[in-house]
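With our numbering applied, the sequence shown has no gaps in its numbers, which climb one by one up to 614 at the end. Just so it is clear, CB atoms sit at the ideal spot from N, CA and C, and this is done for glycine as well. First the structure, in the form of structure tokens, and then the observations on it.
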Amino acid sequence: MAGLMPGDRIPDFARPDPAGKPINFYDLHLGQPMALFVLGRAAGARPALTALAGPGIAWDEVTRVALVLGSPAECAALTQELNPGFPVITDDGALTQHLLGGPAAVTAFVLDDNLRITDRLAAGADLKTFMGQVAGLYAARPKRAAHVSTQQAPVLFIPRVLDAEFCTGLIAHFEETGGTPSGVAYVQGDTANWKPDPSVKMRRDIYLSDGPWLERVKDALVRRVLPEIQRCFNFQVTQHEVFKVIRYDAGAGYFRPHRDNESRDTQHRRFAMTLNLNTGDYQGGQLR
Numbered sequence: 327m328a329g330l331m332p333g334d335r336i337p338d339f340a341r342p343d344p345a346g347k348p349i350n351f352y353d354l355h356l357g358q359p360m361a362l363f364v365l366g367r368a369a370g371a372r373p374a375l376t377a378l379a380g381p382g383i384a385w386d387e388v389t390r391v392a393l394v395l396g397s398p399a400e401c402a403a404l405t406q407e408l409n410p411g412f413p414v415i416t417d418d419g420a421l422t423q424h425l426l427g428g429p430a431a432v433t434a435f436v437l438d439d440n441l442r443i444t445d446r447l448a449a450g451a452d453l454k455t456f457m458g459q460v461a462g463l464y465a466a467r468p469k470r471a472a473h474v475s476t477q478q479a480p481v482l483f484i485p486r487v488l489d490a491e492f493c494t495g496l497i498a499h500f501e502e503t504g505g506t507p508s509g510v511a512y513v514q515g516d517t518a519n520w521k522p523d524p525s526v527k528m529r530r531d532i533y534l535s536d537g538p539w540l541e542r543v544k545d546a547l548v549r550r551v552l553p554e555i556q557r558c559f560n561f562q563v564t565q566h567e568v569f570k571v572i573r574y575d576a577g578a579g580y581f582r583p584h585r586d587n588e589s590r591d592t593q594h595r596r597f598a599m600t601l602n603l604n605t606g607d608y609q610g611g612q613l614r
């Protein structure tokens, strides 16, 4: 695995600053945008740290955090001379390996408001241009106007759970068979019988059985969904039902209003999850 990628959350970690004081990464986040830069070994980090400390569009509103590979003593002289004006923390190599999944190299992790990675960029030879490119990603973000929410459902939105290439692959996997008409469970005694019912829903499904598609979906959920559920709802997910790829045909597909846990065979359910594979290819579909 090539370290953390877009969609993953940057984990909290404690590492010493050049003075030897332990710093918790999440303690540096006070609601403002953050960017994490892995600058490589202290002996060669001067050019990257100098470029990062230079002026840049949007840096006044973004907390830059630099991670330097080396001991606090090795980084002390570097920071005292440059006085970068943002947190510099040191690493013995374990964190760098976890973040990058390989050799140390100048890398920027662009983070969203929830400390999830939106972009991972590797620096080229021109470090000044590279730092400007990263700053430009923050400057280009649309600024949302304040609004008042009069109702709040217990809904968790998680972007970038699956990357675009994987979504395209799942859609193609569906199209190989076209799916089968989706069924509705009708419980008789201790048995749940599934059969199509156009009065309830109209769509086509395929089930993800054992194989690479299922394993990739499970890996994405473990890395990117379950930690968010634990964080927001204080609930540890320990089981799941079968995963399905489903298609609602435009103008003809529907699922009437319903509850997901009203029968004896579904009352154990706690969360329903939908991952949109073709975001941007349709209109409507709002949550209401």
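C-beta contact flag for residue i and residue j at 7 angstroms
i    : j    : result
L365 : A379 : no
P398 : P342 : yes
I282 : L441 : No statement about residue 282 is possible, as the shown extent of the chain runs from 327 to 614 and does not include it.
G333 : R550 : yes
V436 : A449 : no
L547 : L540 : no
A434 : F500 : no
K527 : F581 : yes
G505 : L426 : no
E554 : I443 : no
L552 : V568 : no
D591 : A472 : no
Exposed unless 16 or more other CB atoms sit within 10 angstroms - verdict on residue i
i    : result
T416 : buried
P480 : exposed
P344 : buried
F508 : A quick correction: the sequence has Ser, not Phe, at residue 508. S508 comes out buried.
C401 : buried
V394 : buried
L482 : exposed
A498 : exposed
R390 : buried
V460 : buried
M457 : buried
V543 : buried
T422 : buried
R446 : buried
A430 : buried
F561 : exposed
Nonlocal neighbours in the same chain, by C-beta distance under 7 angstroms from residue i, ignoring five residues either side
i    : result
G396 : R367, A368 and T416
L601 : V487 and L488
A371 : L365, V394 and L404
Q593 : N587
L613 : V481
Boundaries of the beta strand (DSSP E) in which residue i is found, first to last residue
i    : result
W520 : T517 to K521
P348 : P348 to N350
L426 : Looking at the DSSP string, L426 is not in any beta strand (DSSP E); the run it does join, the alpha helix (DSSP H), is A420 to L426.
L601 : Counting along the chain, L601 falls outside any beta strand (DSSP E), and DSSP gives it neither H nor E.
R446 : I443 to A448
Beta-carbon contacts of residue i that lie in its chain and below 6 angstroms, excluding the five residues immediately before and after
i    : result
D523 : V510
P359 : V388 and Y464
L496 : V571 and L603
L453 : P373, A374 and A377
Residue i: first and last residue of the uninterrupted alpha helix (DSSP H) it sits in
i    : result
M457 : L453 to A465
D545 : P538 to R550
A497 : According to the sequence shown, residue 497 is Ile rather than Ala. A490 to E501 is the span of the alpha helix (DSSP H), which, as asked, contains I497.
For residue j and residue i, believed in contact at Cβ under 8 angstroms, the rounded distance
i    : j    : result
A340 : I349 : 7 angstroms
G579 : R529 : 5 angstroms
P410 : A392 : 7 angstroms
Residues of its chain near residue i, where Cβ-Cβ distance is below 8 angstroms and the 5 sequence neighbours each way are ignored
i    : result
G462 : I383 and A384
Residue-chain proximity (residue i, chain D), Cβ-Cβ < 7 angstroms
i    : result
G357 : The structure shown contains no chain D, having only a single protein chain.
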